[in-house]
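2 protein chains.
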Amino acid sequence: MTFEPISRQSVSDQVFGRLRDAIVSGRYAADEALPSERELSATFEVNRHAVREALRRLQQLGLVQVSQGGATRVLDWRATAGLDLTMALAGAEDVLPVATLERDVLEMRACIGADAARLCAERAAPGARAAITEAVDRYAAAIPDLARMGEADLALWRRIIEGSGNIAYLLAFNSLTAGALAVGHVPAPRRTAELLDVAAHRRLSDQIARGDVAGAQRTARELLALTAIGAAAAHDEAGETTSERG
Amino acid sequence: MTFEPISRQSVSDQVFGRLRDAIVSGRYAADEALPSERELSATFEVNRHAVREALRRLQQLGLVQVSQGGATRVLDWRATAGLDLTMALAGAEDVLPVATLERDVLEMRACIGADAARLCAERAAPGARAAITEAVDRYAAAIPDLARMGEADLALWRRIIEGSGNIAYLLAFNSLTAGALAVGHVPAPRRTAELLDVAAHRRLSDQIARGDVAGAQRTARELLALTAIGAAAAHDEAGETTSERG
DNA sequence: ACCCGTCAACTGGTTGGACCAGTTGGCCGG
DNA sequence: CCGGCCAACTGGTCCAACCAGTTGACGGGT
Numbered sequence: 001m002t003f004e005p006i007s008r009q010s011v012s013d014q015v016f017g018r019l020r021d022a023i024v025s026g027r028y029a030a031d032e033a034l035p036s037e038r039e040l041s042a043t044f045e046v047n048r049h050a051v052r053e054a055l056r057r058l059q060q061l062g063l064v065q066v067s068q069g070g071a072t073r074v075l076d077w078r079a080t081a082g083l084d085l086t087m088a089l090a091g092a093e094d095v096l097p098v099a100t101l102e103r104d105v106l107e108m109r110a111c112i113g114a115d116a117a118r119l120c121a122e123r124a125a126p127g128a129r130a131a132i133t134e135a136v137d138r139y140a141a142a143i144p145d146l147a148r149m150g151e152a153d154l155a156l157w158r159r160i161i162e163g164s165g166n167i168a169y170l171l172a173f174n175s176l177t178a179g180a181l182a183v184g185h186v187p188a189p190r191r192t193a194e195l196l197d198v199a200a201h202r203r204l205s206d207q208i209a210r211g212d213v214a215g216a217q218r219t220a221r222e223l224l225a226l227t228a229i230g231a232a233a234a235h236d237e238a239g240e241t242t243s244e245r246g
Numbered sequence: 001m002t003f004e005p006i007s008r009q010s011v012s013d014q015v016f017g018r019l020r021d022a023i024v025s026g027r028y029a030a031d032e033a034l035p036s037e038r039e040l041s042a043t044f045e046v047n048r049h050a051v052r053e054a055l056r057r058l059q060q061l062g063l064v065q066v067s068q069g070g071a072t073r074v075l076d077w078r079a080t081a082g083l084d085l086t087m088a089l090a091g092a093e094d095v096l097p098v099a100t101l102e103r104d105v106l107e108m109r110a111c112i113g114a115d116a117a118r119l120c121a122e123r124a125a126p127g128a129r130a131a132i133t134e135a136v137d138r139y140a141a142a143i144p145d146l147a148r149m150g151e152a153d154l155a156l157w158r159r160i161i162e163g164s165g166n167i168a169y170l171l172a173f174n175s176l177t178a179g180a181l182a183v184g185h186v187p188a189p190r191r192t193a194e195l196l197d198v199a200a201h202r203r204l205s206d207q208i209a210r211g212d213v214a215g216a217q218r219t220a221r222e223l224l225a226l227t228a229i230g231a232a233a234a235h236d237e238a239g240e241t242t243s244e245r246g
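Chains as they are written, first to last, in UniProt numbering: chain A, 1 to 246; chain B, 1 to 246.
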């Protein structure tokens, strides 16, 4: 049992969180004007500067557009927000079921993971390949402890993606592993099948080490699909989230 | 000929840009302490609040870690930054050649595009499929004008990704198409081959419309690989960017 | 010589208020 | 009815003070 550090959210953090959730969950419609900074600061009973910091962060996330003189407008985050928003998408249950989001994240993980494994087998530097073998060993050494195996597994995949030499994949990996609803925090039972497949991990590592491009891609795809398929079967068609938008 | 809106960067935007470039380009080492807010505000000759807003944004991007009482420390962005950072990565030429970054973005585009096409053919709602056919028509209608074709092509891919119902793919698409070095702004000659392949676009649209899952995936992969291969051949091995890190 | 509490001198966090700068929309004169 | 003007918004910037944590050096006790 370990203790989490007590969260000391600053005032502007709280304002940010509230507004973010309000926007993502659709309580503010797209293109709607947010209350003025002065109004918000009165509502939240905080200084205007705190509100401003929050708004700047929301703008950076792609959730609002602030413009001097005019009102701060809410954007359609499906059109303007980047992948970093995934960290914040948990609080939009009514407009976007977590189950769907989880499925999406796992699909993306499988897609990128397989391609990264391919690229890694194709062009990773010798040192990077050695680091991967090493990471698999650490993963295997943690075998009874699921939590530690999960950590080691994440570290292994980071090595593989680093080995692929693709910065975009690496950043996407960061986006997906950060945040509450992250790949690493997927409920244990769902990842167990994948985590316990030590043989597949070993095989993947070997294929990368010896430059078996096609094999590495296939193994990675199979390994990562385990969870995705399980998740898909679990909630079948988790509801249509695709809607018509002009 | 159209005019771009004159950029009226606010003071804090400029501070943000300067610090971002300094960090990404490695002028501040990872784990190094940034100058204090008061110091920075004196250096840039701006108010401390402007510096604070910039720092909050940098923190959100995953470039720095600010902590009350302690110093604001620079993070290793390769480990902590999300995909949204791609928009800012142009100014790190010395530590990360644009050619490499461009290749990476194209690889990711191909990977996600193909999978989105697959998912779209598999589970898109009828309305979404119709919207795609429509988008292809608009794309084909723009035929002589490369710029307009590029726009229409982006719109088409957005429809396909929306049709896949995968929010993560959609957000990643946003991350990749935003920013200066975005997919949409890739130099014309490089995308020309792909853009001119109207037949393949039509085929893809048809396969999605009729639910040919494997076919759609294959067509999309081939279509998106055109550019990637061209780019890869152009600068061959654009230099190793993988380094050992503890 | 070493350990440990204390405290001063940092760090960022928050506040209030004043003023600048750009946008909007209504009002009034032509 | 049109068009310019102006007041009343909006966000942008600044100053100055103080609150709240962290850090490290200093000095007394062991």
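No residue lacks a Cβ here, since even glycine has one placed at the ideal position from N, Cα and C.
Just so it is clear, the structure is predicted and the values come from calculations on it, not from any experiment.
Determine, using beta carbons only, whether residue i and residue j come nearer to each other than 8 Å.
i, j, result
"Ile167(B)", "Asp104(A)", "yes"
"Leu61(B)", "Val51(B)", "no"
"Ala114(A)", "Gln207(A)", "no"
"Ala135(A)", "Arg118(A)", "no"
"Asn174(B)", "Gly165(A)", "no"
"Ile161(A)", "Ala116(A)", "yes"
"Ala54(A)", "Ala172(B)", "no"
"Ala30(A)", "Val74(A)", "yes"
"Ala209(B)", "Arg129(B)", "yes"
"Leu156(A)", "Tyr139(A)", "yes"
Would residue i pass as an interface residue toward chain A - the criterion being a Cβ-Cβ separation below 8 Å?
i, result
"Val11(B)", "no"
"Ala30(B)", "no"
"Leu19(B)", "no"
"His49(B)", "yes"
"Ile112(B)", "yes"
"Gly62(B)", "yes"
"Thr72(B)", "no"
"Tyr139(B)", "no"
"Leu96(B)", "yes"
"Ser175(B)", "yes"
"Arg129(B)", "no"
"Arg214(B)", "It is Ala, not Arg, that sits at residue 214(B) in the sequence shown. Judged by the 8 Å Cβ criterion, Ala214(B) is not in contact with chain A."
"Ala90(B)", "no"
Nearest-angstrom Cα distance between residue i and residue j?
i, j, result
"Arg78(A)", "Ala141(A)", "42 Å"
"Ala193(A)", "Arg109(A)", "16 Å"
"Leu204(B)", "Thr133(B)", "9 Å"
"Gly215(B)", "Leu195(B)", "20 Å"
"Arg48(B)", "Val11(B)", "11 Å"
"Leu56(B)", "Arg18(A)", "It should be pointed out that residue 56(B) corresponds to Arg in this sequence rather than to Leu. Going by the C-alpha atoms only, they are around 17 Å apart."
"Thr80(A)", "Ala92(A)", "17 Å"
"Glu122(A)", "Val213(A)", "6 Å"
"Pro97(A)", "Ala125(B)", "18 Å"
"Thr100(B)", "Pro35(A)", "43 Å"
"Gln38(B)", "Glu45(B)", "Residue 38(B) is actually Arg in this sequence, not Gln. The alpha-carbon atoms of Arg38(B) and Glu45(B) are separated by roughly 10 Å."
"Asp145(A)", "Glu151(A)", "10 Å"
"Ala22(B)", "Tyr28(B)", "6 Å"
"Leu106(A)", "Leu89(A)", "15 Å"
"Val24(A)", "Gln14(B)", "28 Å"
"Glu222(B)", "Arg202(B)", "13 Å"
"Glu102(B)", "Cys111(B)", "14 Å"
"Ala225(B)", "Arg148(B)", "21 Å"
"Leu85(A)", "Thr72(A)", "19 Å"
Kindly examine the ligand ATP and report whether one of its heavy atoms sits closer than 7 Å to the Cβ of residue i.
i, result
"Gly211(B)", "The model depicted lacks the ligand ATP and carries no ligand whatsoever."
Go ahead and label residue i buried or exposed: buried means 16 or more other beta carbons lie within 10 angstroms of its beta carbon, across all protein chains shown.
i, result
"Glu32(A)", "exposed"
"Gly70(B)", "exposed"
"Gln9(B)", "exposed"
"Asp153(B)", "buried"
"Val95(A)", "exposed"
"Thr43(B)", "exposed"
"Gly127(B)", "exposed"
"Asp76(B)", "exposed"
"Ala220(B)", "buried"
Quick check on residue i - is its C-beta less than 8 Å from some C-beta in chain B?
i, result
"Ala81(A)", "yes"
"Thr219(A)", "no"
"Val105(A)", "yes"
"Met149(A)", "no"
"Leu34(A)", "no"
"Thr43(A)", "no"
"Asp153(A)", "no"
"Ile167(A)", "yes"
"Ala209(A)", "no"
Bridge partners of residue i, per DSSP?
i, result
"Ala33(A)", "Arg73(A)"
"Val64(A)", "Val74(A)"
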